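Per our numbering, residue 61 is the first one in the sequence shown, and the count goes up by one each step.
Note that beta-carbon positions come from the ideal geometry of N, C-alpha and C, so glycine has one too.
Predicted model only: the values in this text are computed from it and were never measured.
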Amino acid sequence: MTETPARKPRPRRTFSAFGDVRKMPSEYEIVTHKQNWTLRTNRAAAFEQNPSSAPNLWFLTYRDNSPLQASDWDGYRDPDALTYRAYVGLQSEAEAKVQGALGAHADTGSDAALSPGSVALLARLLTPSRYLCHGFQQVEAYIGYMAPSSYITNAAAFSSADFLRRVTTIAYRTRELQISHPDSGMGSAERSLWEGDAGWQPARKAAEYALVSYDWGEAFTALNLVLGPTLDNVLLTQLGQVSRANGDDLTWLLTSFLAADAQRRGRWSRALAEFAVAQRPENRVVLGKWVARWSARADDAAHGLGQFLESLPEQGRSADEVVAQARAAREDFLGALLDPASASAAGAG
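Given below as structure tokens:
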């Protein structure tokens with residue numbers, strides 16, 4: 061009787077960085093996993109310099125020692141599993157829709173037919189919003205830079221690009237509207253409105269506080285869990301609805317297209333928050349404190365912007381209604397995330 065010779069151990073493949081895996085990682089995982097050099101294994105500090113240097117202390121304080129902790133941040137996955145290649149293809153199609161809508165309405169001369177109230181609303185609310193979106197773009201980029209996993213970094217990077225796309229779309233519309241309505245102030249008055257108009261100041265305050273929220277977890281909570289869901293409802297959903305009610309179909313279309321980016325940001329952000337709580341239940345309290353702090357600022361900002369929707373268009377809606385809808389959108393987005401009793405009931409169901 062001959063014995064079967066023992067099998068030689070198979071050589072490890074290039075994806076052995078994932079550990080003793082039983083299946084080949086996806087393309088998304090291969091191009092995303094452990095791509096952040098400042099998170100290398102057995103590092104003494106984020107950067108190869110004195111551990112007490114300013115950059116190393118910054119990362120130690122605002123990332124490594126953040127109150128938002130997890131045993132393995134690399135276990136998180138973006139629900140959309142976006143890679144750079146997939147993102148470029150996705151947004152190429154999205155931009156084709158935007159350009160198609162812009163071209164079709166330009167051919168019909170729809171800007172010249174806008175009502176005075178619609179022009180005033182666009183001049184006071186839509187075109188100055190590029191300042192807010194640019195601020196949010198910077199916060200999102202900071203979240204990605206400071207994130208404790210390349211899976212989070214990449215998701216935030218794509219969302220930062222989404223905000224840039226939104227800024228450029230608004231800028232394009234600003235120039236179109238400036239040409240068709242040269243006396244409206246569009247293209248010239250936005251900065252003064254952003255810096256001085258009472259309706260914009262709560263939103264500007266919220267954006268500037270978010271820009272100096274150095275802890276990566278709080279910055280993520282402030283923008284992606286609170287300010288984004290609240291103000292996107294005002295500046296995309298409700299602005300679109302009011303614009304359509306006043307005969308401005310182009311603004312409704314553009315805000316609908318841009319809302320797809322916000323929804324994608326919401327999916328990965330909610331998944332990350334759920335992952336953090338699953339990894340460490342104490343994170344529910346950490347997130348809850350930050351959400352409470354930033355919700356008050358978000359509601360103030362929604363009320364300020366709601367005044368434009370109330371007073372400017374021929375068919376508007378009250379600022380109180382704007383705030384109520386925006387708050388409801390945020391609470392629906394957060395769901396049972398911060399309520400252990402609701403989460404337990406949902407799990408039992």
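With 16 or more other Cβ atoms inside 10 Å of its own Cβ, residue 354 counts as buried. Secondary structure within the region 272-332: the alpha helix (DSSP H) runs of 4 or more consecutive residues, fully enclosed, are 276-280, 288-292, 299-305 (chain order). In this structure the region 348-368 does not lie against the region 157-175, because fewer than three pairs of beta carbons, one per stretch, are closer than 8 Å.
Non-local beta-carbon contacts of residue 170 in its own chain, meaning distances under 7 Å to residues more than five positions away in sequence, involve 310 in chain order. Within the same chain, and ignoring the five residues on either side of residue 312 in sequence, the residues whose Cβ sits closer than 6 Å to its Cβ are 300, 303, 304. For the set 87, 398, 288, the Cα lying nearest the Cα of residue 193 is the one of 288.
Per DSSP, residue 107 lies in no alpha helix (DSSP H) segment and is marked neither H nor E. The criterion of a C-beta distance shorter than 9 Å is satisfied by residue 343 and residue 128. Inter-residue distance for residue 143 and residue 322 is about 18 Å (C-alpha atoms, whole angstroms). With 16 or more neighbouring CB atoms inside 10 Å of its own CB, residue 246 falls in the buried class. Non-local C-beta neighbours of residue 333 in its own chain, meaning closer than 7 Å and more than five positions away in sequence, comprise 285, 347, 397, ordered along the chain. Residue nearest to residue 188 within the set 156, 249, 395, 199 is 249 (criterion: CA-CA distance). With respect to the 9 Å criterion, residue 240 and residue 94 are not classified as neighbours on the basis of their beta carbons. Excluding five sequence positions before and after residue 217, the CB atoms of its chain that fall closer than 6 Å to its own CB belong to 204, given in chain order.
The region 151-165 makes no contact with the region 100-120; the number of CB pairs closer than 8 Å stays below 3. With 16 or more neighbouring CB atoms inside 10 Å of its own CB, residue 260 falls in the buried class. A direct Cα-to-Cα measurement between residue 316 and residue 112 gives close to 48 Å. Counting of Cβ neighbours within 10 angstroms places residue 121 among the exposed residues, the total staying below 16. In this structure, 115 is the residue among 115, 155, 242 with its C-alpha nearest to the C-alpha of residue 206. Annotation: the continuous alpha helix (DSSP H) that includes residue 206 extends over 189-206.
Its chain contains 293, 298 as the residues whose beta carbon lies nearer than 7 Å to that of residue 385, once the 5 sequence neighbours on both sides are disregarded; these appear in chain order. Boundaries cannot be given for residue 135, as no alpha helix (DSSP H) includes it and DSSP labels it neither H nor E.
As the crow flies, the alpha-carbon of residue 371 is around 56 Å from that of residue 108. At a Cβ-Cβ threshold of 9 Å, residue 244 and residue 237 count as neighbours. The DSSP assignment places 343-371, 379-394 as complete runs of the alpha helix (DSSP H) inside the region 330-394, in order along the chain (cut-off: 4 residues). Here residue 165 is actually not in contact with residue 262; their C-beta atoms are around 32 Å apart, not less than 8 Å. For residue 164, the uninterrupted alpha helix (DSSP H) segment begins and ends at 144-168. In the three-state reduction of the DSSP assignment, residue 184 falls in the helix class.
A distance below 9 Å separates the beta carbons of residue 215 and residue 138. Note that the C-beta distance between residue 219 and residue 325 is below 9 Å. In the three-state DSSP reduction, residue 224 falls in the helix class (H, G or I). DSSP, reduced to helix, strand and coil, places residue 256 within a helical segment of the structure shown. With a beta-carbon spacing of about 5 Å, residue 373 and residue 181 fall inside the 8 Å limit used to define contacts.
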